[in-house]
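In the working numbering, the protein residues as written are -12 to 69.
Each residue gets a CB set at the ideal place from its N, CA and C atoms; glycine is no exception.
These numbers were taken from a predicted model, which means no experiment stands behind them.
Have a look at the structure below, then the notes.
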Amino acid sequence: MEDWQERAEVAKKRKELQAKYPLLGKKVRRKNRSKWEEGIVVLDEEEDELYIEFSENDWEQLICLPFEVWDEGTKKWIKGVY
């Protein structure tokens, strides 16, 4: 397979995942006690579950967590629902 074909397949898979999981790759934050923690929404492909990745080894499952999503258009945090 040529390089351009591999990039096309990766792009296609990325589009499919983005359609299935609109929060994937978004910047989010949640309140932990009295401080806010920010992270990125990532996918665990083995379990097909979304997680917030706060640092390399600090993940938390997104489902049922109260969180806010950074909206690039308005430059504001908005309440997230998942």
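Segment limits, beta strand (DSSP E) that includes residue i
i: E40; result: 36 to 42
i: L30; result: 22 to 31
i: K18; result: 14 to 19
Residue i, buried or exposed, once every other Cβ within 10 Å from all chains shown has been counted against 16
i: G60; result: exposed
i: G12; result: exposed
As assigned by DSSP and simplified to three states, the class of residue i
i: V68; result: coil
i: E59; result: coil
i: K(-1); result: helix
Residue i and residue j closer than 8 Å at C-beta
i: R20; j: I39; result: no
i: L37; j: L52; result: no
Residue i, enclosing alpha helix (DSSP H) - first and last residue
i: E(-11); result: Where E(-11) is concerned, there is no enclosing alpha helix (DSSP H), given that its DSSP letter is neither H nor E.
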